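First comes the structure, then the notes that go with it.
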Amino acid sequence: MSVIVPLNIIAQDAIERLLDAAFGPDRHGRTAYLIRNGMPWLPDLSFGVEDERGELVGSLQSWPIALTHDDGTQTPLIMIGPVAVDPALQRTGHGRAMMDAVVTAARAHRSDPLMMIGDPEYYGRFWGFSANGTGGWQCPGPFERRRLLALSVDGNPVGGTGMLSPRITIPA
Numbered sequence: 006m007s008v009i010v011p012l013n014i015i016a017q018d019a020i021e022r023l024l025d026a027a028f029g030p031d032r033h034g035r036t037a038y039l040i041r042n043g044m045p046w047l048p049d050l051s052f053g054v055e056d057e058r059g060e061l062v063g064s065l066q067s068w069p070i071a072l073t074h075d076d077g078t079q080t081p082l083i084m085i086g087p088v089a090v091d092p093a094l095q096r097t098g099h100g101r102a103m104m105d106a107v108v109t110a111a112r113a114h115r116s117d118p119l120m121m122i123g124d125p126e127y128y129g130r131f132w133g134f135s136a137n138g139t140g141g142w143q144c145p146g147p148f149e150r151r152r153l154l155a156l157s158v159d160g161n162p163v164g165g166t167g168m169l170s171p172r173i174t175i176p177a
């Protein structure tokens, strides 16, 4: 039986091994890494899945980022991802369980809006992520506009214009 755990109880090298297995060792050049460059992941919104032997088989990290406007001001956001599951266990519900956990925790904490680069059909169907409101967002690397998704956790609209970037001031 698998169990969801706080990711901060997992050794960093185990997380890195899982990410390499799920996405490859060249994953560091992806746009998502550029957006969150230098930011620490947020323990309250990051989760792992351990199998019955206590082995890490899934991880989901959340990052403090921002939409940086032309005048330099920032609108805080939380970037979700990567959502990684051991390749042998993909499509077994572990990713969905971690997403349920992060959306529930974000709502409980009344966090900043969530955003991610992902499949709109999947993340929209289960959690309500949408590209509505992200049309004015830019990224520091290549991206497909339809995959740039956001979710308000408090019902307020998400939008604005600017570049997604690391956050200047991170939450405590």
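So the sequence shown is numbered by the working numbering: it starts at 6 and just counts up by one.
We treat Cβ as the ideally placed atom computed from N, Cα and C, and that holds for glycine.
Here the structure is a predicted model, which means the values were calculated and not measured.
Give the single residue among the options whose Cα lies nearest to the Cα of residue i.
i	options	result
V10	N137, V107, W142	V107
R115	D49, N42, L169	D49
Y38	Q17, A16, A26, P69	P69
P92	T109, A26, Q66	A26
R150	S135, D18, R35	S135
R112	L169, D159, D76	D159
P145	G167, D76, E21	G167
When burial is assigned at 16 or more other CB atoms within 10 Å of the CB, is residue i buried or exposed?
i	result
T73	buried
I14	exposed
V8	exposed
H99	buried
M84	buried
P162	exposed
P171	buried
I173	exposed
G53	buried
R41	buried
A71	buried
G155	One point to set straight first is that residue 155 is Ala, not Gly, in the sequence displayed. Label assigned to A155: buried.
Would you grab the beta carbon distance between residue i and residue j for me? Rounded to a whole angstrom, and I think it's under 8 Å.
i	j	result
T36	F148	5 Å
P87	L24	6 Å
F28	A89	7 Å
P118	S67	Contact flag wrong, Cβ pair sits at about 12 Å.
9 Å is my cut-off, CB to CB: does residue i come that close to chain D?
i	result
M44	This model lacks chain D altogether, as it is built from one protein chain only.
Q | contact_flag[the region 56-66, the region 117-127] where n(CB pairs < 8 Å) is 3 or more | A | no
(Q) Measuring CB atoms only, is the region 91-106 touching the region 135-147, in the sense that at least three cross pairs come out at less than 8 Å? (A) no
Q | Minimum length 3: unbroken beta strand (DSSP E) runs contained in the region 98-135 | A | 119-122
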